[in-house]
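Okay, structure first, notes after.
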Amino acid sequence: MKSEPAHRQFDLDYGLDPDKLPAHVAIIMDGNGRWAKKKLMNRVKGHEKGSETVRSIVTLSRKIGIKFLTLYAFSTENWARPKIEVVALMNLLKRFLVSERTTLKKNEIFLNIIGQKDRLPEDVMKELDITMEQTRNNEKMVLNLALSYGGREEITRAAKQIAKKAAEKIIDWETITEETLCDHLYTKNMPDPDVLIRTSGEMRLSNFMLWQMAYAEIFITKTLWPDFSEQEFINIIRDYQSRERRFGKLPCYSSDGSQQ
Ligand code: FPP
Numbered sequence: 003m004k005s006e007p008a009h010r011q012f013d014l015d016y017g018l019d020p021d022k023l024p025a026h027v028a029i030i031m032d033g034n035g036r037w038a039k040k041k042l043m044n045r046v047k048g049h050e051k052g053s054e055t056v057r058s059i060v061t062l063s064r065k066i067g068i069k070f071l072t073l074y075a076f077s078t079e080n081w082a083r084p085k086i087e088v089v090a091l092m093n094l095l096k097r098f099l100v101s102e103r104t105t106l107k108k109n110e111i112f113l114n115i116i117g118q119k120d121r122l123p124e125d126v127m128k129e130l131d132i133t134m135e136q137t138r139n140n141e142k143m144v145l146n147l148a149l150s151y152g153g154r155e156e157i158t159r160a161a162k163q164i165a166k167k168a169a170e171k172i173i174d175w176e177t178i179t180e181e182t183l184c185d186h187l188y189t190k191n192m193p194d195p196d197v198l199i200r201t202s203g204e205m206r207l208s209n210f211m212l213w214q215m216a217y218a219e220i221f222i223t224k225t226l227w228p229d230f231s232e233q234e235f236i237n238i239i240r241d242y243q244s245r246e247r248r249f250g251k252l253p254c255y256s257s258d259g260s261q262q
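Structure, rendered in structure tokens:
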């Protein structure tokens, strides 16, 4: 993927190869609670500090020239957390959506949601809709927030949609391929993640993009998300560029979104 001139100098200054950028970076932002505990603070303080890291990594990804950034912000399992924490996370999210709207527009970033959008509280959904609508035509980067997201739910939902179309004779079951499934995921028309980063040292996928991670390069760092720095992100991208990737097969979409 060729990067634009504006990104090239930035990448070169930071030791990155502008012609070997990952098209899609996905992050499991873990460790907010532990960060707060270490500092004898309430868990919510960890999430607040974590949202500052979100801001800096979104801005940095855009500067580097990454086209798709997906952040795991709230899983289908997170609904089972204490109500006070769920409410605090939803409020943080709402604040983020309002405070970042101008920056997203200025930086030509499209804010997209992957997950069960309609399970979100009405006030959050309203701000989401406004931000999505106002950024819809932005083409420099897609910021996917995974909200009420679960990989198994996503695949089940796709299977149901396909089964319904087959039952209604809209599609012939014999023509169903991997591409058909890709076309019914929340990430339709997006390249699979090239890079998966998980902070806080846990070695799990935690139900995140199970289908799409088939060939992702995985980077686990012990750093807790609130402490995750721009330098560490750049180091990971540099490390990615030095890895040799041997796909056993092709991903669903190429980095320009076209089907293989
Ligand atoms: C995992 O840490 C993090 C989450 C469940 C939420 C992630 C949310 C943010 C980074 C802030 C808000 C997001 C946006 C987009 C503004 P954890 O609570 O599981 O940490 P622990 O494993 O140390 O307890």
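With positions in the sequence shown counted from 1, the corresponding number in this note's numbering is that position plus 2. For every residue, glycine included, the Cβ atom is placed at its ideal position computed from N, Cα and C.
- Counting along the chain, the unbroken beta strand (DSSP E) around residue 146 starts and ends at 143-151.
- Just measuring C-alpha positions, the residue of 133, 116 and 83 sitting nearest residue 105 is 133.
- Contact between residue 17 and residue 78 is absent: CB atoms are separated by about 38 angstroms, not below the 8 angstroms threshold.
- Taking C-beta separations shorter than 6 angstroms and ignoring five residues to either side along the sequence, the partners of residue 71 in its chain run 27, 63 and 145, following chain order.
- In the three-state reduction of the DSSP assignment, residue 242 falls in the helix class.
- In the three-state reduction of the DSSP assignment, residue 76 falls in the strand class.
- Between the ligand FPP and residue 127, a heavy atom-to-CB distance of less than 7 angstroms is absent.
- It is roughly 33 angstroms from the alpha-carbon of residue 91 to the alpha-carbon of residue 13.
- Within the region 84-136, the runs of alpha helix (DSSP H) that reach at least 4 residues and sit entirely inside it are, in chain order, 85-101 and 103-108.
- In this structure, the C-beta of residue 45 approaches the ligand FPP to less than 7 angstroms from one of its heavy atoms.
- Counting the other Cβ atoms within 10 Å of the Cβ of residue 191 gives fewer than 16, which makes it exposed.
- Using a cutoff of 7 angstroms, the CB of residue 75 counts as near the ligand FPP, since one of the ligand's heavy atoms is closer than that.
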